[in-house]
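Input: a single structure, listed below in structure tokens.
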Amino acid sequence: MDEVALRSLIPGVLGVLVRRGADFAAAEDAVQDALVEALRAWPADLPRDSLGWLVTVAWRRFLDVVRADAARRRREDLVDEEPPPGPVSAVDDTLRLYFLCAHPSLSPSSAVALTLRAVGGLTTRQIAQAYLVPEATMAQRISRAKRTVSGVRFDQPGDVATVLRVLYLVFNEGYSGDVDLAAEAIRLTRQLAAAIDHPEVAGLLALMLLHHARRAGRTAPDGSLVPLAEQDRSRWDTTLIAEGVGILQTALSRDRLGEFQAQAAIAALHADAPTAAETDWVQIVEWYDELVRLTGNPIARLNRAVGVGEADGPRAGLAALAVLDDTLPRYAAVAAYLHERDGDPDRAAALYAEAARRAASLAERDHLNRQAARLNSRRA
Amino acid sequence: MKYLLLKHYRGGPTPVTDMPMIDKWTPEEITAHVRYMQEFAARLQESGEYVDGQALAPEGTFVRYDGEGRPPVTDGPFAETKDLIAGWMVIDVDSYERAVELAGELSAAPGQGGKPIHEWLELRPFLTGPPTITE
Chain B
16 MDEVALRSLI PGVLGVLVRR GADFAAAEDA VQDALVEALR AWPADLPRDS LGWLVTVAWR
76 RFLDVVRADA ARRRREDLVD EEPPPGPVSA VDDTLRLYFL CAHPSLSPSS AVALTLRAVG
136 GLTTRQIAQA YLVPEATMAQ RISRAKRTVS GVRFDQPGDV ATVLRVLYLV FNEGYSGDVD
196 LAAEAIRLTR QLAAAIDHPE VAGLLALMLL HHARRAGRTA PDGSLVPLAE QDRSRWDTTL
256 IAEGVGILQT ALSRDRLGEF QAQAAIAALH ADAPTAAETD WVQIVEWYDE LVRLTGNPIA
316 RLNRAVGVGE ADGPRAGLAA LAVLDDTLPR YAAVAAYLHE RDGDPDRAAA LYAEAARRAA
376 SLAERDHLNR QAARLNSRRA
Chain V
43 MKYLLLKHYR GGPTPVTDMP MIDKWTPEEI TAHVRYMQEF AARLQESGEY VDGQALAPEG
103 TFVRYDGEGR PPVTDGPFAE TKDLIAGWMV IDVDSYERAV ELAGELSAAP GQGGKPIHEW
163 LELRPFLTGP PTITE
């Protein structure tokens, strides 16, 4: 059993312990100990029932710890009441764990850290590396998060939207350190989709798969961004695209549209196009209309303006852009692109330069500066 | 998202207090000032928002390449117009608003007479935001 498969058992084990009355923080520590023990013992002797083995070891570990502390008597009452560990059905508990780790009382970064640790089974060091913060900082963030949710009743139904938001935050963080967070987010969303029947969970999973499928084409070997129209589509992962489209179609057929399904539909239309020129921009604009209707999100309106520019020409795109707030992130970049296509390279170059100054990431800034430089050197 | 808080020896907007240099304070005032900043950093460590922090000596030197086979040119440390960075702290917070709040708190470190020094702190976002997928 590899480490990822082993980690996929974590939420089930943790869920059982909390369900049996362990407080969340102590249970989480016990499960991490059981995980370490499994990594040591299993290569020599793989248990027949991995989940049952982990539950047994984690529960014993939890008891060892609580026996030693002042709450001994109360906990031992719990032990007497509980049935012995046996085969366990973990699906329901796993689901509650997702909700607990994405609880609205947590800040976004705390919810992300706690989800990766408690549901994903990552070590504190791995999470710290992925987010480029010291391990001590991440340890504090996680223990604060555990304290925050320790008073939350485990049987309260949670809000799927908060769980999805947390998973999408993990996905967007992408790649740094030795853990691929995008892949981790996909794994956790797959696991969630197996535990819950919800069209937006399917929508998010489809969206992640479709974005992830195109990752290899999105950057050049030197790390610079490659715009969609210039990407080598043979580098896209067609298996992932097919899976994403399949999941999306099943979700859409249930007629309960949500923002992730709409975003996935747009991603699917891009992924389906054999060449950039064959992209179905008319349908993409229709999906952006749905997305704007569902969320009212100004970024969705901005992206819609790009789609309108492709479907109906740059003038129409600029008209759609003109009604939006020009302080939106990437507004200048979109305006630059549309003015260039409208045959105004001077204005486009100035706007690309402005967009570069307002870029939030190094790769984006470098890309936008190259765009400005390309137009400026053409005139010289 | 990560932000850099820059403390300056010189540079930035005109100070709002005409507080004398730190060597004119009493030892107790200096101790209180230092303790405030240590406690500030400790609180951020506890909240999981601390990334890094260092103090810098005032002796900054500008250096530049001066051509093949020549030693780099240095500009002496005493040019009066230069901005001098006194130190930094890196924080990792959930919002710009939180970053401003923390910078304001750090700027309230006590100086002479135990009053806040109202020091100007420079707040700069890191360019490490993920290139969010927009296509």
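Chains B and V, in that order, are what the protein sequence lines are.
Residues 16 to 395 in the working numbering are what the first sequence lists, from first letter to last.
Residues 43 to 177 in the working numbering are what the second sequence lists, from first letter to last.
Just so you know, even glycine gets a beta-carbon here, dropped at the ideal spot from N, CA and C.
Original post:
At which residue ranges does the stretch 320-383 of chain B contain complete beta strand (DSSP E) runs of 3 or more residues, listed in the order of the chain?
Top reply: none
Original post:
What residue does the alpha helix (DSSP H) around V/VAL132 start on, and which one ends it?
Top reply: Start at 1 with the first residue of the second sequence, and residue 132 of chain V comes out as number 90. Counting along the chain, no alpha helix (DSSP H) covers V/VAL132; the unbroken beta strand (DSSP E) around it starts and ends at 126-134.
Original post:
Closest Cβ-Cβ distance between V/LEU169 and chain D: below 9 Å?
Top reply: In the structure shown, chain D does not exist; the protein chains are B and V.
Original post:
So B/ILE211 and B/LEU110 are in contact, right, with Cβ under 8 Å, and what is the actual spacing, rounded?
Top reply: Your numbering for residue 211 of chain B matches position 196 in the first sequence. Your numbering for residue 110 of chain B matches position 95 in the first sequence. Right, their Cβ atoms sit about 6 Å apart.
Original post:
Within the 9 Å Cβ cut-off, does B/THR152 reach chain V?
Top reply: Counting from one through the first sequence, the residue named residue 152 of chain B turns up at place 137. True, the Cβ-Cβ gap to chain V drops below 9 Å.
Original post:
From the beta carbon of B/LEU377, is the nearest beta carbon of chain V less than 9 Å away?
Top reply: The residue you call residue 377 of chain B lines up with position 362 of the first sequence. With 9 Å as the cut-off, B/LEU377 counts as an interface residue toward chain V.
Original post:
So what does V/ALA97 bridge to, in DSSP terms?
Top reply: One-based indexing of the second sequence puts residue 97 of chain V at position 55. Listed as beta-bridge partners of V/ALA97 by DSSP are V/GLY129.
Original post:
Which residues in the same chain as V/GLU70 place their Cβ atom closer than 6 Å to its Cβ, once the five residues preceding and following it in sequence are excluded?
Top reply: In the second sequence, residue 70 of chain V corresponds to position 28, counting from 1. Once the five neighbours on either side are set aside, V/GLU70 has no close Cβ partner at all.
Subject >> Proximal residues to B/ASP357 (C-beta, below 7 Å), its chain only, five neighbours per side dropped >> reply: Taking the first residue of the first sequence as position 1, residue 357 of chain B is located at position 342. Only PRO329, ARG330, LEU333 meet the Cβ criterion.
Subject >> Entirely enclosed alpha helix (DSSP H) segments - the stretch 193-244 of chain B, minimum 4 residues >> reply: 196-210, 214-228, 230-233
Original post:
What is the DSSP secondary structure of V/TYR92, counted as helix, strand or coil?
Top reply: To locate residue 92 of chain V, count along the second sequence from 1; it is residue 50. If DSSP states are grouped into helix, strand and coil, V/TYR92 belongs with the strands.
Subject >> Close-in-space but distant-in-sequence residues of the same chain around B/ARG308 (CB under 7 Å, 5 per side omitted) >> reply: Residue 308 of chain B sits at position 293 when you count from the first residue of the first sequence. If we look at B/ARG308 and ignore the five residues flanking it on each side, it has no Cβ neighbours.
Subject >> Whether B/ALA378 touches B/PRO344 by CB criterion (9 Å) >> reply: Counted from its first residue, the first sequence places residue 378 of chain B at position 363. Counted from its first residue, the first sequence places residue 344 of chain B at position 329. No, the Cβ-Cβ distance between B/ALA378 and B/PRO344 is not below 9 Å.
Original post:
Taking C-beta to C-beta, are B/GLN298 and B/LEU284 nearer than 9 Å?
Top reply: Indexing the first sequence from 1 puts residue 298 of chain B at position 283. Indexing the first sequence from 1 puts residue 284 of chain B at position 269. Yes. Within cutoff.
Original post:
Could you give the distance in angstroms between the alpha-carbon of V/THR116 and the alpha-carbon of B/ASP287?
Top reply: By one-based count along the second sequence, residue 116 of chain V stands at place 74. By one-based count along the first sequence, residue 287 of chain B stands at place 272. One alpha carbon belongs to V/THR116, the other to B/ASP287, and they sit about 58 Å apart.
Original post:
Just to confirm, are B/GLU215 and B/VAL175 a CB contact at a threshold of 9 Å?
Top reply: Within the first sequence, the letter at position 200 stands for residue 215 of chain B. Within the first sequence, the letter at position 160 stands for residue 175 of chain B. Yes. Within cutoff.
Original post:
Does V/VAL142 get closer than 9 Å to chain B when you measure Cβ to Cβ?
Top reply: On the second sequence, position 100 is the one that residue 142 of chain V refers to. Cβ-Cβ to chain B under 9 Å: no for V/VAL142.
Subject >> chain V within 9 Å of B/VAL148, Cβ atoms only >> reply: Reading the first sequence from its first residue, position 133 is the one you call residue 148 of chain B. Yes, B/VAL148 counts as interfacial toward chain V.
Subject >> Strand pairing of V/HIS50, partner residues [DSSP] >> reply: Against the second sequence, residue 50 of chain V aligns to sequence position 8. Beta-bridge pairing links V/HIS50 to V/ILE127.
Subject >> Whole-angstrom distance between B/ALA49 and B/ARG34, CA atom to CA atom >> reply: If you number the first sequence from 1, residue 34 of chain B lands on position 19. If you number the first sequence from 1, residue 49 of chain B lands on position 34. Cα to Cα, B/ARG34 sits roughly 17 Å from B/ALA49.
**OP:** Measure the CB-CB distance between B/ARG372 and B/SER239 and report whether it falls below 9 Å.
**Re:** Your numbering for residue 372 of chain B matches position 357 in the first sequence. Your numbering for residue 239 of chain B matches position 224 in the first sequence. No, the Cβ-Cβ distance between B/ARG372 and B/SER239 is not below 9 Å.
Original post:
For B/THR290, is the classification buried or exposed, using 16 other Cβ atoms within 10 angstroms of its Cβ as the cut-off for buried?
Top reply: Here residue 290 of chain B refers to the residue found at position 275 of the first sequence. B/THR290 comes out exposed.
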